[in-house]
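Below is one structure, written out as structure tokens; the observations come after it.
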Amino acid sequence: MNAVIYVVGGILALAAGLALYRAVLGPSILDRVLALDVVLAVIGAALVLNMVVNRHLDNLILLVTISLIGFIGSVTVARFVTDRK
Amino acid sequence: MVQDVVVSVLLIGGALMSLAAGVGLVRFPDLLSRMHAATKPQVLGLLLFLLALAVENGSWLLVPILVLCWVFQLLTSPVSAHMVGRAGYRTRHLRRDLLTLDELDDVVTRAAAAPGHEQERPGSPAGDAEAGAPGDAATTGEDTGTGGPGAGSPRRGAPGGATTRGESGRSS
Amino acid sequence: MSRQRIPLITELPLVIWLVLVWGALWQDFGVGNLVFGAIIAYGVVNFFYLPPVELTGRFNVFWLVPFIGRFLVQLVTASVQVFWLGLTRGPELRNAVVAVELRSSSDFLVTATGHALSLIPGSLVLEVDRSTSTLYLHCLNVLTDEDAQDIREEVRATEAWLIRIMGTRTDLDALLAEERA
Numbered sequence: 091m092n093a094v095i096y097v098v099g100g101i102l103a104l105a106a107g108l109a110l111y112r113a114v115l116g117p118s119i120l121d122r123v124l125a126l127d128v129v130l131a132v133i134g135a136a137l138v139l140n141m142v143v144n145r146h147l148d149n150l151i152l153l154v155t156i157s158l159i160g161f162i163g164s165v166t167v168a169r170f171v172t173d174r175k
Numbered sequence: 005m006v007q008d009v010v011v012s013v014l015l016i017g018g019a020l021m022s023l024a025a026g027v028g029l030v031r032f033p034d035l036l037s038r039m040h041a042a043t044k045p046q047v048l049g050l051l052l053f054l055l056a057l058a059v060e061n062g063s064w065l066l067v068p069i070l071v072l073c074w075v076f077q078l079l080t081s082p083v084s085a086h087m088v089g090r091a092g093y094r095t096r097h098l099r100r101d102l103l104t105l106d107e108l109d110d111v112v113t114r115a116a117a118a119p120g121h122e123q124e125r126p127g128s129p130a131g132d133a134e135a136g137a138p139g140d141a142a143t144t145g146e147d148t149g150t151g152g153p154g155a156g157s158p159r160r161g162a163p164g165g166a167t168t169r170g171e172s173g174r175s176s
Numbered sequence: 007m008s009r010q011r012i013p014l015i016t017e018l019p020l021v022i023w024l025v026l027v028w029g030a031l032w033q034d035f036g037v038g039n040l041v042f043g044a045i046i047a048y049g050v051v052n053f054f055y056l057p058p059v060e061l062t063g064r065f066n067v068f069w070l071v072p073f074i075g076r077f078l079v080q081l082v083t084a085s086v087q088v089f090w091l092g093l094t095r096g097p098e099l100r101n102a103v104v105a106v107e108l109r110s111s112s113d114f115l116v117t118a119t120g121h122a123l124s125l126i127p128g129s130l131v132l133e134v135d136r137s138t139s140t141l142y143l144h145c146l147n148v149l150t151d152e153d154a155q156d157i158r159e160e161v162r163a164t165e166a167w168l169i170r171i172m173g174t175r176t177d178l179d180a181l182l183a184e185e186r187a
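Protein chains in written order, with my numbering: chain A, 91 to 175; chain B, 5 to 176; chain C, 7 to 187.
This is how it looks when you write it as structure tokens:
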């Protein structure tokens with residue numbers, strides 16, 4: 091179980107790193123928003139991993155909130171981009 | 005023991021979905037193909053992680069809030085994907101040379117040709133789009149090949165160019 | 007602020023959903039908590055006014071369960087496929103924007119179909135034409151016209167499932183007539 095947790099954490103870190111690479115690279119603001127959405131999903135996954143490892147349930151509300159924040163963020167940016175044109 | 009194995013498999017599966025999104029984000033050629041990759045950790049990855057949590061916890065009282073969490077994600081992620089995709093399509097953040105078929109573009113050009121443009125120069129929007137495409141594709145292709153951060157600038161310039169072209173067409 | 011009153015019966019699904027959310031967030035489905043939640047939900051629905059969602063008046067649970075199963079299978083296979091495409095194909099990917107005309111003209115059903123399609127990796131709704139209820143989908147790895155045709159059939163199959171679950175009576179009759187033909 092311990093080894094599994096380290097493996098999962100490593101994969102998540104790698105995924106977050108790749109997504110951040112895309113966020114830095116761009117090319118457009120929509121790509122960055124998309125990449126940061128994936129980072130947010132990875133953070134959510136890490137919160138669940140934390141709950142599984144430490145056997146508590148404190149992060150559940152954070153998980154619901156994160157999905158809503160990601161939604162509001164990307165919709166706002168998408169609207170902004172469309173209107174500015 | 006069985007529980008541990010199930011939890012491990014679910015956790016690794018969910019993490020692999022996140023990794024798939026990361027790989028897709030880096031390797032896919034344009035915004036709209038990257039969007040397909042980004043949907044995975046949000047839907048299937050989250051499902052696997054929540055299942056792992058439910059199996060590990062083993063309490064029925066937890067199920068409603070986990071379902072709620074997933075359903076929120078199911079309701080919101082297509083909407084944001086649609087908004088981002090539509091904005092990307094309208095601001096031309098996609099590479100037309102990678103599309104084998106574009107039925108929306110046919111409709112758009114027909115609609116653009118219909119109202120006022122055709123009196124002056126029939127078929128001009130399509131012609132302009134065609135003339136603009138190869139150069140645009142060449143520059144973006146080069147930039148993504150080298151991974152240059154400036155790949156956005158020619159494409160960001162494109163819609164502005166299109167509007168000025170349209171305005172000049174209208175005024176002439 | 008003038009607005010027409012909405013009968014309680016059309017708001018009822020929304021109120022029930024809000025009560026369930028309330029119970030899930032408290033992780034307590036006791037009667038007292040649910041009654042309190044119902045009072046709050048009724049207040050919220052009346053205070054934060056939204057245009058009513060027009061449901062179709064039908065709901066068939068017996069078709070819902072296999073639909074969820076089909077959805078999960080598609081989700082897993084499509085996710086693995088996109089992962090594989092990312093690893094092997096990568097930058098040489100070819101895509102397409104495909105127009106699919108749906109049978110139903112109900113906004114609710116078109117939205118539901120678009121949602122179900124966008125959730126599965128590999129297809130993404132770019133634009134919707136409400137007047138003809140046409141979806142414009144961006145699809146990964148479409149090389150030939152046969153691939154595009156496969157996608158159209160797939161989308162219409164998804165819509166047929168959703169009509170069976172919660173389509174209007176007329177849509178359902180049209181679907182059944184089409185299948186008999």
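The beta-carbon is built from N, C-alpha and C at its ideal position, and this holds for glycine as well.
| query | result |
| --- | --- |
| Given C/V59, which residues of its chain have a CB within under 6 Å of its CB, disregarding the five upstream and five downstream residues? | none |
| Flag A/I101 as yes if its beta-carbon sits less than 8 Å from any beta-carbon of chain B, otherwise no. | yes |
| If you draw a straight line from the alpha carbon of C/V21 to that of B/L50, how long is it in whole angstroms? | 27 Å |
| Put C/A118 into one of helix, strand or coil per three-state DSSP. | helix |
| Below 7 Å between beta carbons is the criterion; list the residues of the segment 31-44 of chain B that meet it against any residue of chain C, in chain order. | R31, F32, P33, L36, S37, M39, H40, A41, T43, K44 |
| I'd like to know if C/S111 contacts chain B, where contact means its C-beta is closer than 8 Å to some C-beta of that chain. | no |
| Given a cut-off of 8 Å on the beta-carbon distance, is the pair B/T43 and C/R100 in contact? | no |
| Could you confirm whether any beta carbon from chain A is found closer than 8 Å to the beta carbon of B/G18? | yes |
| Report back the beta-carbon spacing between B/I69 and A/V98 to the nearest angstrom; my notes put them in contact at under 8 Å. | So it is not a contact: roughly 22 Å between Cβ atoms. |
| Assuming contact is defined by CB atoms lying nearer than 8 Å, are B/L54 and A/V128 in contact in what I supplied? | no |
| Below 7 Å between beta carbons is the criterion; list the residues of the segment 77-104 of chain C that meet it against any residue of chain B, in chain order. | L81, V82, S85, V88, F89, G92, L93, G96, P97, L99, R100, N101, A102, V103, V104 |
| Pull the bridge partners of C/S129 from the DSSP assignment, please. | C/C145 |
| Could you check whether the Cβ of B/L48 sits closer than 8 Å to any Cβ belonging to chain C? | yes |
| A/A135 and B/G18 look like a contact to me (Cβ under 8 Å); what is the Cβ gap, rounded to whole Å? | 6 Å |
| How many Å lie between B/A141 and C/A102 at the Cα? | Confidence is the limiting factor: at B/A141 the pLDDT is only 36, short of 50, which leaves the residue's position unreliable and the question unanswerable from this model. |
| Please classify A/I156 as buried or exposed, where buried requires at least 16 neighbouring CB atoms within 10 angstroms. | buried |
| Going along chain C in order, which residues have a C-beta closer than 8 Å to the C-beta of B/T113? | Ordered by position in chain C, no residue passes the 8 Å Cβ test against B/T113, which lies about 13 Å from the chain. |
| Apart from the five residues on each side of it in sequence, which residues of its chain come closer than 8 Å, Cβ to Cβ, to B/Q38? | A small correction: the amino acid at residue 38 of chain B is Arg; Gln does not occupy that position in the sequence shown. The answer, listed in chain order, is G28, L29, F32. |
| Go ahead and pull the three-state DSSP assignment for C/V106. | strand |
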